[in-house]
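What follows is a set of notes on a single structure, which appears directly below.
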Amino acid sequence: MSDIILETQNLSRHFGALMAVDDVTLQFERSLVYAVLGPNGAGKTTLINLLSGEILPSGGSIRFKDQDITNLPANAISQLGIGRSFQKTNIFPNFTCFENCRLAAQSRMKGSFSFFKPALSYRQINQQAERALEMCGLSMRCHTLAQAMSYGEQRQLEIGMMLATGPELLLLDEPLAGMGADESLKVIELLRRLAKEHTLILIEHDMDAVFAVADRLAVMVNGRLLETGTVAEVRASKAVQEAYLGAEEEH
Ligand SMILES: Nc1ncnc2c1ncn2[C@@H]1O[C@H](COP(=O)(O)OP(=O)(O)O)[C@@H](O)[C@H]1O
Ligand SMILES: [Mg+2]
1 MSDIILETQN LSRHFGALMA VDDVTLQFER SLVYAVLGPN GAGKTTLINL LSGEILPSGG
61 SIRFKDQDIT NLPANAISQL GIGRSFQKTN IFPNFTCFEN CRLAAQSRMK GSFSFFKPAL
121 SYRQINQQAE RALEMCGLSM RCHTLAQAMS YGEQRQLEIG MMLATGPELL LLDEPLAGMG
181 ADESLKVIEL LRRLAKEHTL ILIEHDMDAV FAVADRLAVM VNGRLLETGT VAEVRASKAV
241 QEAYLGAEEE H
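For reference, each letter of the sequence shown is one residue, going 1 to 251 in the numbering used here.
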């Protein structure tokens, strides 16, 4: 089996005249953790949205495990095994943690909205939801309404919902955004656990977190891929030092 789980070829997406993602060719190796870096507006979220099928590309192609997924809708891509979390929380506040995960698990099943399903598949769905809650560290909160939890726990639940879909590859858009130091540490630990069994593509501004989990970095500026490589390679890159680190200091 190929070591490349996901690849893009000349992937582009424009919004009017703006090239949000501009001719990005990138390969992701199975089982590694990738951090996508770049200043605000660089096109990081748009790239993730393209990979997850939230939006369609204007040009180029995407392959996942040797299958062309370029124009597949988000639900089909999720069913193939690409999970994603959002920059803003995406949970149902009036549902319990378990119910949120069960809904997510159900979305992975083909024909999930049919009324008559064999009991086994419901059992499987429940087991998958339980396992996801355990993995994301929220088993104790199983029957707690999502809205009754802290912001950090809600973000954890969101990762649990993604896990409930049984993905091989996880797309995470700023999983630490808005979290306090303690919550951040918890989620960094969670990411390290997930990294043992998944390929991760992560957008994150917290460089401590990036260095703690990432095997490879991809740096974007103005929609373009500026550099990819190991942490050491990217740190040594002149292009990155000039463009990205310069922009970073302006924050
Ligand atoms: N739906 C959209 N419509 C118009 N412009 C958009 C849309 N989504 C993103 N953009 C623009 O595309 C560029 C890249 O945005 P984004 O991918 O969110 O950047 P990042 O996540 O790196 O901060 C920005 O200039 C942003 O304003
Ligand atoms: Mg973003």
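Note that beta-carbon positions come from the ideal geometry of N, C-alpha and C, so glycine has one too.
- Cα atoms of G53 and S78: separation of roughly 9 Å, rounded to the nearest angstrom.
- Look at which beta carbons fall closer than 6 Å to any heavy atom of ligand 1; those residues are F15, L18, A20, G38, N40, G41, A42, G43, K44, T45 and T46.
- In the structure shown, the three-state DSSP call for A74 is helix.
- Within its own chain, the residues whose Cβ lies closer than 8 Å to the Cβ of T230, once the five positions on either side in sequence are excluded, are D215, R216 and L217, listed in chain order.
- If you check the C-beta of E174 against ligand 2, you find a heavy atom less than 8 Å away.
- Only buried fits D22, as 16 or more other CB atoms lie within 10 angstroms of its CB.
- The alpha carbon of E174 has as its nearest neighbour, out of S85, R63, P39 and G41, the alpha carbon of S85.
- Shown here, E29 sits in a strand according to DSSP, grouped into three states.
- One thing to note: T144 has its Cβ no nearer than 9 Å to the Cβ of L6.
- Judged by DSSP secondary structure, Q154 falls within the alpha helix (DSSP H) whose first and last residues are Y151 to A164.
- In its chain, beyond the 5 residues on either side, L217, V219, E227 and V240 have a beta carbon closer than 7 Å to the beta carbon of V234.
- Of the candidates A129, L51, L80 and D206, A129 places its Cα closest to the Cα of G160.
- Cβ-Cβ distances below 6 Å link S184 to L176 in the same chain, with the five nearest sequence neighbours on each side left out; the list follows chain order.
- Distance from the CA atom of I62 to the CA atom of A146, rounded to whole angstroms, is 34 Å.
- In this structure, the CA atom of L32 is about 23 Å from the CA atom of A42.
- When K196, L157 and K186 are compared, the shortest CA-CA separation from L169 is found for K196.
- Just so you know, the alpha carbons of S139 and E158 end up roughly 14 Å apart.
- The nearest non-hydrogen atom of ligand 2 is 8 Å or more from the C-beta of I55.
- Taking all protein chains shown into account, F211 has fewer than 16 neighbouring C-beta atoms within 10 Å of its C-beta and is therefore exposed.
- In this structure L171 is in contact with I48, their Cβ atoms being roughly 5 Å apart against a cut-off of 8 Å.
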